[in-house]
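Following: one structure in structure tokens, then a few remarks.
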Amino acid sequence: QLSLWDRLEKRIVDGEMNGMEDDLDEALNEKKALEIVNEHLLAGMKVVGDLFGSGEMQLPFVLKSAEVMKSAVAHLEPHMEKAEDDAGKGRLLLATVKGDVHDIGKNLVDIIISNNGYDVVNIGIKQPVSTILETAEEHKADIIGMSGLLVKSTVIMKENLEEMNSRGISEKYPVLLGGAALTRSFVEEDLSDIFEGEVRYAKDAFEGLSLMDQFMA
Ligand code: B1M
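Have a look at this one:
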């Protein structure tokens, strides 16, 4: 018989929602909601990524795993700690870039950052740069955050920064980038070289939060 923790991970890998909520409630007796996400659910998603990458898992099953992951995070979200007394620290415009549908990581970033005193305007997936920039303007965002998991999304992010340069708004919005295909050196060396404002890489949602604090300081 599997331990509770192995069961949680296996449910993500198998895309099995049946019984998940009971297991999550049991897990909440022992760990914090965010620890459950970071230590166990994300471990399951990593297995899914590896199996898919090696051809051992087909796309419809990856999608099932992603749906279970989303439902599990939604179930845990009400249990996540919120910083009550420091609302309104600043506003983040958050999007997954054009051509990219991956949003689990972006939505985790939304949860962590909005639970810690920021307003987040999350405009979803496959967002062209024009929409990102116009919505940032409309909502008076302080910072623009872009997520993307595909290698081609890294090219799109570069184009988006070039578009900000040509519109002359690079210094108006510090930019936060994250997603599995990026590396710190690509963002903070290569992209930094071409971008006229400040662009930083966040390896995970927590680093995203600490960069928000730095940007707004
Ligand atoms: Co896709 N997919 N997928 N996929 N998928 C990857 C990314 C891939 C690496 C899998 C693989 O081959 N091993 C691969 C990309 C390869 C490449 O580009 N070289 C891939 C592919 C190929 C594809 C398709 C092209 C497959 C196809 O159709 N043939 C297709 C793309 C469609 C498109 O976008 N146009 C596709 C589709 C899908 C699903 C729809 C089935 C599903 C997504 C469902 C959804 O998101 N709603 C899916 C999934 C689930 C994955 C993997 C398995 C898991 C991604 C995930 O959710 N991880 C992924 C494998 C992998 O990443 N190794 C894979 C968990 C999530 C929490 O992590 O998003 O990295 P992540 O977020 C992290 C950090 O990166 C960071 O914080 C989070 C953690 O705290 N972060 C930020 C992310 N964004 C940030 C923004 C920030 C700050 C931090 O500030 C703004």
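Per UniProt numbering, the very first residue in the sequence shown carries number 649; after that it's consecutive. Note that CB positions come from ideal geometry on N, CA and C, so glycine has one too. Bear in mind that the values here come from a model prediction, so they are computed numbers and not experimental data.
Query	Result
Starting from N770, follow its DSSP beta bridges and name the residues at the other end.	L742
Considering G826, what are the terminal residues of the beta strand (DSSP E) in which it resides?	823–826
Would the region 740–760 and the region 697–713 be scored as touching if the rule is three or more Cβ pairs under 8 Å?	no
Does any heavy atom of the ligand B1M sit closer than 7 Å to the C-beta of S795?	yes
Taking the alpha carbon of E683 as the reference point, which residue from D698, M728, L781, N764 has its own alpha carbon closest?	M728
Note the first and the last residue of the continuous beta strand (DSSP E) segment covering G793.	791–795
Is L798 a contact residue of the ligand B1M, with contact defined as CB to any heavy atom under 7 Å?	yes
How should N764 be labelled, buried or exposed, when 16 other C-beta atoms within 10 angstroms of its C-beta is the threshold for buried?	buried
Spatial neighbours of A675 within its chain, please: C-beta separation below 7 Å, excluding the five flanking residues on both sides.	L652, L656, I684
Given the structure, does F834 come close to the ligand ZN, in the sense that its CB is under 7 Å from one of the ligand's heavy atoms?	The ligand content of the structure shown is limited to the ligand B1M, which means the ligand ZN is not among them.
CB of D748 to nearest heavy atom of the ligand B1M: below 7 Å?	yes
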